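Report on the structure given below.
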Amino acid sequence: DGGITQSPKYLFRKEGQNVTLSCEQNLNHDAMYWYRQDPGQGLRLIYYSQIVNDFQKGDIAEGYSVSREKKESFPLTVTSAQKNPTAFYLCASSIAGGANTEAFFGQGTRLTVV
Amino acid sequence: DQQVKQNSPSLSVQEGRISILNCDYTNSMFDYFLWYKKYPAEGPTFLISISSIKDKNEDGRFTVFLNKSAKHLSLHIVPSQPGDSAVYFCAALHSGTYKYIFGTGTRLKVLA
Chain A
48 DGGITQSPKY LFRKEGQNVT LSCEQNLNHD AMYWYRQDPG QGLRLIYYSQ IVNDFQKGDI
108 AEGYSVSREK KESFPLTVTS AQKNPTAFYL CASSIAGGAN TEAFFGQGTR LTVV
Chain B
4 DQQVKQNSPS LSVQEGRISI LNCDYTNSMF DYFLWYKKYP AEGPTFLISI SSIKDKNEDG
64 RFTVFLNKSA KHLSLHIVPS QPGDSAVYFC AALHSGTYKY IFGTGTRLKV LA
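Have a look at this one:
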């Protein structure tokens, strides 16, 4: 079945450590996104990529990094520079190219930094 | 700068009645609007959308209305069912940038 897979579902890390969240899609979508959800704050855009080897900062990119070496994959690294990394992270993808269409989401990764 | 706003954090509705969820936006360049439903610890699922060239789109029990002059959209659910209880997010897309901007969500509780 086509879809977006985020792994792992739960992740625990010690403060000061970098951690990478995985996102893979087999929908053949060009665009991919990372959002962060905090209570009462909705979904805030971290990074997005419209095409392989290209990505742009979203509204809260500080302390995060991404890569887009393959169309199917868009991993997110939460670095030690991110001051409040504990959150629910959501990856999404969509058809790009100017089409008005929906974004499809993965099931999310809950990151807890202790 | 919150470009998409959902000013009601929560809403309770009796089963069988209408649920109306509201959303306001500030950027006139948005040309596509979407509603998503989300359960705790899961990813959002797409519900319904509307293009900026339309003022209404209907899909079963769900209808989205768009008032461009007021920069306002709403989601109507009729009749409401207990399974509709979830957090609902509105989102806006500027197709030139491919950025989906989300509101803060409204928690809907449908009472049996």
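Top to bottom, those sequences are chains A and B.
Residue numbering for the first sequence follows our numbering, starting at 48 and increasing by one per position.
Residue numbering for the second sequence follows our numbering, starting at 4 and increasing by one per position.
We put the CB at the ideal spot given by N, CA and C, even for glycine.
It should be emphasised that the depicted structure is a prediction, and the values quoted were computed from it without experimental measurement.
If the cut is a Cβ gap below 7 Å, which residues of chain B does residue i touch?
{"i": "residue 90/A", "result": "92, 105"}
{"i": "residue 110/A", "result": "Correct list: empty, because the minimum Cβ distance to chain B is about 20 Å."}
In the DSSP assignment, find the unbroken beta strand (DSSP E) run with residue i in it and report its ends.
{"i": "residue 59/A", "result": "57-60"}
{"i": "residue 29/B", "result": "From DSSP, residue 29/B is part of no beta strand (DSSP E); its letter is neither H nor E."}
{"i": "residue 61/B", "result": "59-62"}
{"i": "residue 17/B", "result": "13-17"}
{"i": "residue 103/A", "result": "101-104"}
{"i": "residue 112/A", "result": "111-113"}
Under a three-way DSSP split, which group does residue i fall into?
{"i": "residue 87/B", "result": "helix"}
{"i": "residue 71/A", "result": "strand"}
{"i": "residue 98/B", "result": "coil"}
{"i": "residue 36/B", "result": "strand"}
{"i": "residue 89/A", "result": "strand"}
{"i": "residue 161/A", "result": "coil"}
{"i": "residue 48/B", "result": "strand"}
{"i": "residue 133/A", "result": "coil"}
{"i": "residue 117/A", "result": "strand"}
{"i": "residue 21/B", "result": "coil"}
Can you pull the chain A neighbours of residue i, defined as C-beta to C-beta under 8 Å?
{"i": "residue 49/B", "result": "149, 150, 151"}
{"i": "residue 96/B", "result": "147"}
{"i": "residue 101/B", "result": "78, 95, 97, 141, 143"}
{"i": "residue 54/B", "result": "147"}
Who are residue i's beta bridge partners in DSSP?
{"i": "residue 52/A", "result": "71/A"}
{"i": "residue 139/A", "result": "80/A, 152/A"}
{"i": "residue 66/B", "result": "61/B, 79/B"}
{"i": "residue 110/B", "result": "13/B, 90/B"}
{"i": "residue 178/A", "result": "In the structure as shown, chain A begins at 48 and stops at 161. Residue 178/A is therefore absent and cannot be evaluated."}
{"i": "residue 105/B", "result": "94/B"}
{"i": "residue 126/A", "result": "Paired residue(s): none; residue 126/A is not in a bridge."}
{"i": "residue 41/B", "result": "90/B"}
{"i": "residue 54/B", "result": "35/B"}
{"i": "residue 8/B", "result": "27/B"}
Given that residue i touches chain A, what residues does it touch there, using C-beta distances under 7 Å?
{"i": "residue 37/B", "result": "149"}
{"i": "residue 62/B", "result": "Those do not exist, as residue 62/B stays about 12 Å from chain A at its closest Cβ, beyond 7 Å."}
Which chain A residues sit within Cβ distance under 9 Å of residue i?
{"i": "residue 42/B", "result": "Per Cβ cutoff of 9 Å: no residues; residue 42/B is ~10 Å from chain A at best."}
{"i": "residue 46/B", "result": "51, 53, 137, 138, 139, 151, 152, 153, 154, 155"}
{"i": "residue 34/B", "result": "147"}
Residue i touches chain B at which residues, Cβ-Cβ below 9 Å?
{"i": "residue 87/A", "result": "12, 107, 108"}
Q) How do the stretch 29-36 of chain B and the stretch 91-103 of chain B stand: do at least 3 beta-carbon pairs fall below 8 Å, yes or no? A) Remark: three or more beta-carbon pairs, one from each stretch, lie closer than 8 Å, so the stretch 29-36 of chain B and the stretch 91-103 of chain B are flagged as touching.
So does the stretch 122-134 of chain A actually touch the stretch 80-87 of chain B, counting three or more Cβ pairs closer than 8 Å? With a cut-off of 8 Å on Cβ pairs, the stretch 122-134 of chain A is not in contact with the stretch 80-87 of chain B, counting fewer than three such pairs.
Point to revise | the stretch 39-49 of chain B touching the stretch 140-155 of chain A, judged by at least three CB pairs closer than 8 Å | key: Contact holds: three or more Cβ-Cβ distances are below 8 Å.
- request: Could you tell me whether the stretch 73-93 of chain A touches the stretch 98-112 of chain B, using the rule of 3 or more Cβ pairs below 8 Å?
  value: Result yes; three or more Cβ-Cβ pairs closer than 8 Å.
- Query: Taking contact to mean at least 3 C-beta pairs separated by less than 8 Å, is the stretch 106-123 of chain A in contact with the stretch 58-71 of chain A?
  - Reply: Segments in contact, yes.
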